[in-house]
Amino acid sequence: MKRIGMLTSGGDCQALNAAMRGVVKSLDYSKEDVEIYGFLDGYKGLIYSKFQMLTGRDFSGILTKGGTILGTSRTPFKTIQDPDENGLNKVEAMKQNYYKLQLDCLVILGGNGTHKTANLLRQEGLNIITLPKTIDNDLWGTDMTFGFQSAVNIATDAIDCIHTTAASHGRVFIVEVMGHKVGWLTLNAGMAGGADIILLPEIPYDIDKVVEKIEERDKRGSRFTIIAVAEGAISKADAKLSKKDYKKKLEKRTHPSVSYEVAAAIQQKTGREVRVTVPGHTQRGGSPCPYDRVFASRLGAEAGKLILDNQYGFMVGYKNREIVRVPLEDVAGKLKMIEPDATIVQEAKLLGISFGD
Ligand code: F6P
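So for the sequence shown, numbering that gives the first Met the number 0 puts the first residue at 0; every next one is plus one.
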């Protein structure tokens, strides 16, 4: 008999359900007796003992369903070791609930912050297996996270739709893409959508270079320009500031986001009409794309195998086209960013895409 706790934490994304289904299906087929405890709303469920006992049936028919059947929430790692408003020690509470239910392991689906807490629980002696979810694709130790490809599809669709209206009106259009502090989503959606300029957190931009590219397109007779801007994009000047000073500057920012700042600067320097589109959380919503369904199912199946082999302390990841086990201590606290001289960036530049650098 195996008793398994499961939770999804942090921002949701497509294929969370597909991944959980993969774990449960692979265990179901093993003939091992399994009890599943689904903790609700992320680590909160584990802290406050909010869970549901689930069976294989609960995971049936959810392969294509977006969101997470367990619910999720953000429980920042920064404050996980601080007592809650009633003085409860959250880490101790999670351990106690794990032991009270006599769990053999916890399967945790999450992104960067989630992995830090997962690793802390591992250090505290719990058996942990994690699965890499996030539309940002910024988890270290895996070439791919589930949710990412689905989000690329949605952001690309947004750019595609903007293309036709931008062409009709001869406007400069900015599409702001999610991704937190990294540019994977913007780079991929930008290239897939044929953006002319792509601004990423990893490659600070110079607004004059952005304007130069727009004017170059004008001269060539292209009436419009599409700019894919990562929500975390940063100017060269701002990149020189200390973290503290940049944070202070952001607090005083009058524009809702970097895209509006870039739009205002372009408008002021060129006199051109600039519009901003922010697809926002639509990028995390809806059904997982086929790639993510397959990918998340494979990760889930491997997690099931790890459980049956009593192998804990790993994130199930993907490296060089293979599903791999990555020690949690290697993953926690590290961001996977785009190298500014990565081959994909060089190739994009060969295609004439400007990064404003
Ligand atoms: O990490 C996923 C993500 O969608 C980021 O791309 C984005 O910056 C953030 O979450 C948004 O978070 P929230 O849903 O809490 O607004």
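Glycine included, every Cβ here is placed at the ideal spot set by N, Cα and C.
None of these values were measured; they are calculated from a predicted model.
First through last residue of the alpha helix (DSSP H) which encompasses residue i
i, result
"Lys247", "Lys242 to Glu250"
"Glu211", "Ile206 to Lys218"
"Tyr28", "First-last for Tyr28: undefined, no H or E at that position."
"Leu184", "Trp183 to Ala191"
"Pro289", "Pro289 to Leu307"
"Ile343", "Thr342 to Leu349"
"Thr269", "Val257 to Thr269"
"Asp237", "Lys235 to Ala238"
Cβ-based burial, residue i [other Cβ within 10 Å; buried from 16]
i, result
"Ala232", "buried"
"Ser56", "Sequence inspection shows Arg at residue 56; the Ser mentioned does not correspond to that position. Its Cβ having fewer than 16 others within 10 Å, Arg56 is exposed."
"Ser221", "exposed"
"Thr113", "buried"
"Pro363", "Outside the shown range of the chain, which is 0 to 356, sits residue 363, and nothing can be said about it."
"Asp291", "buried"
"Asn319", "exposed"
"Leu105", "buried"
"Pro75", "exposed"
"Arg219", "exposed"
The beta strand (DSSP E) enclosing residue i, as first and last residue numbers
i, result
"Glu175", "Val171 to Val176"
"Leu6", "Lys1 to Thr7"
"Cys112", "Just to set this straight, residue 112 is Gly in the shown sequence, not Cys. Where Gly112 is concerned, there is no enclosing beta strand (DSSP E), although the alpha helix (DSSP H) it sits in stretches over Asn111 to Gln122."
"Val358", "Since the first residue shown for the chain is 0 and the last is 356, residue 358 is missing from the structure and cannot be characterised."
"Leu130", "Ile127 to Pro131"
DSSP-derived helix/strand/coil call for residue i
i, result
"Gly44", "helix"
"Thr163", "helix"
"Thr71", "coil"
"Ile225", "strand"
"Tyr98", "helix"
"Ile35", "strand"
"Gln13", "coil"
"Leu327", "helix"
"Phe58", "helix"
"Gln51", "strand"
"Leu198", "strand"
"Leu321", "For clarity, residue 321 is Glu in the given sequence; the question names Leu instead. DSSP places Glu321 in strand when its eight states are reduced to three."
"Gly316", "strand"
"Phe354", "coil"
Straight-line Cα distance separating residue j from residue i
i, j, result
"Ala236", "Ala227", "20 Å"
"Tyr28", "Trp139", "31 Å"
"Ser59", "Ser286", "15 Å"
"Thr54", "Gly86", "34 Å"
"Val151", "Ala157", "10 Å"
"Asn82", "Tyr42", "The sequence shown places Pro at residue 82, not Asn. About 14 Å."
"Arg2", "Phe147", "30 Å"
"Tyr317", "Lys335", "13 Å"
"Asn96", "Glu34", "15 Å"
"Gln51", "Tyr36", "6 Å"
"Val273", "Lys333", "36 Å"
"Thr116", "Val315", "16 Å"
"Ile265", "Gln282", "26 Å"
"Thr7", "Lys348", "38 Å"
"Ser258", "Arg252", "12 Å"
"Lys239", "Trp183", "22 Å"
"Ile358", "Asp135", "Residue 358 cannot be examined here, being either before or after the span of the chain that is shown, 0 to 356."
CB contact flag (residue i, residue j, <9 Å)
i, j, result
"Asp137", "Gly110", "yes"
"Gly355", "Tyr204", "yes"
"Val181", "Ile337", "yes"
"Thr358", "Asp11", "The displayed coordinates of the chain run from 0 to 356. Any statement about residue 358 would go beyond what the structure contains."
"Pro200", "Ala154", "no"
"Gly65", "Phe38", "no"
"Val171", "Ile213", "yes"
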